[in-house]
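In this note's numbering, the protein residues as written are 144 to 351.
Where is the CB? At the ideal position from N, CA and C, for every residue including glycine.
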Amino acid sequence: MTYYEKITARRKEMGFTQKDMAEYLEISQQGYALYEKGKRRIDFETALKIGEKLDISLDDLGLDYRPEFKRQMQLMDITPLKRKKYPLIGDIACGEPLFNERSEFFEFDDIDADFALRCRGDSMIDAHIYDGDIVLIKQCDIVDDGVIAAVAVDWDGECTLKRVFYDRENDQITLAPCNTRYKPIVIQGSDLDGVRILGRAVANISKI
């Protein structure tokens, strides 16, 4: 099964229409339909958004943006993405929160991200984010409900990578792991003053 057939099958399985997907990606329905027909190349960031919406990894879809795949694209006369250096500002917990400043840079494809963090721990493995992975972050101070984000927990001066869920009725935020071995971190009341969204995760680069 091709990647676009997998996208179509997964979309239908989750009960979404092509119109739903187009609105989520902020493109026309006709433009989205070209993805499912395999007539329009899916760029890296769009692929990440589709995977997030359909709750499926790029590996499971059969989409590969590693260097080996870029060489194949060159043979197909498709221009590879430009490279960019991202400041690797520290480690981010996939377990208990932590933060360590660094003065390194990580080089990868030029996508819409501002900095990189190295993951530590295994609390996000069900989202295919593993210990030692590099996650690229687009800086912002708020994310949509359920999005994976880097979150600073200022009462410890540390940060963590989790899915963010809001409960405005009860004035609380839940930082949810993607591993059933870990419990969500629920923050409410005055403790919310010590919580700050650093940005949303836009890419994850695993060791090969």
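Next on the checklist: Whole angstroms are fine: how far does the CA of Thr151 sit from the CA of Arg343?
Outcome noted: In a straight line, the C-alpha of Arg343 is about 26 Å away from that of Thr151.
Checklist entry - Would you call Pro327 buried or exposed, if buried means 16 or more other Cβ atoms sit within 10 Å of its Cβ? => result Exposed is the call here.
Checklist entry - In whole angstroms, what separates the C-alpha of Ser171 from that of Lys228? => result Between the C-alpha atoms of Ser171 and Lys228 there is a straight-line separation of about 32 Å.
Checklist entry - Using a Cβ-Cβ cut-off of 7 Å (strictly less than) and excluding sequence neighbours within five positions of Asn322, which residues of its own chain qualify? => result The answer, listed in chain order, is Asp265, Ser266, Met267, Ile268, Asp269.
Checklist entry - Between the C-alpha atoms of Arg339 and Val329, what's the straight-line distance to the nearest angstrom? => result Approximately 14 Å, taken between the alpha carbons.
Item to check | Own chain residues within Cβ distance below 6 Å of Asp276, not counting five before or after | outcome: Excluding sequence neighbours, Asp276 sits near Cys262, Asn347, Ser349.
Item to check | Cβ shell of Glu156 (< 6 Å), same chain only, five flanking positions each side left out | outcome: Excluding sequence neighbours, Glu156 sits near nothing in its chain.
Checklist entry - Where does Asp284 fall in DSSP's three states? => result The answer is coil: DSSP assigns Asp284 none of H, G, I, E or B.
Checklist entry - If you count every other CB in all the chains shown that lies within 10 Å of the CB of Ile221, and 16 or more means buried, which is it? => result Reliability fails at Ile221, whose pLDDT of 39 lies under 50, so the model's placement of it is uncertain and the value that follows must be treated cautiously. Flag for Ile221 reads exposed.
Next on the checklist: Judging by CA-CA distance, which residue of Gly205, Ile316, Glu312 is the nearest neighbour of Ala292?
Outcome noted: The residue with the shortest Cα to Cα distance from Ala292 is Ile316.
Checklist entry - Is it right to say Glu195 is buried, meaning 16 or more other beta carbons lie within 10 angstroms of its own, or is it exposed? => result Under this definition Glu195 is a buried residue.
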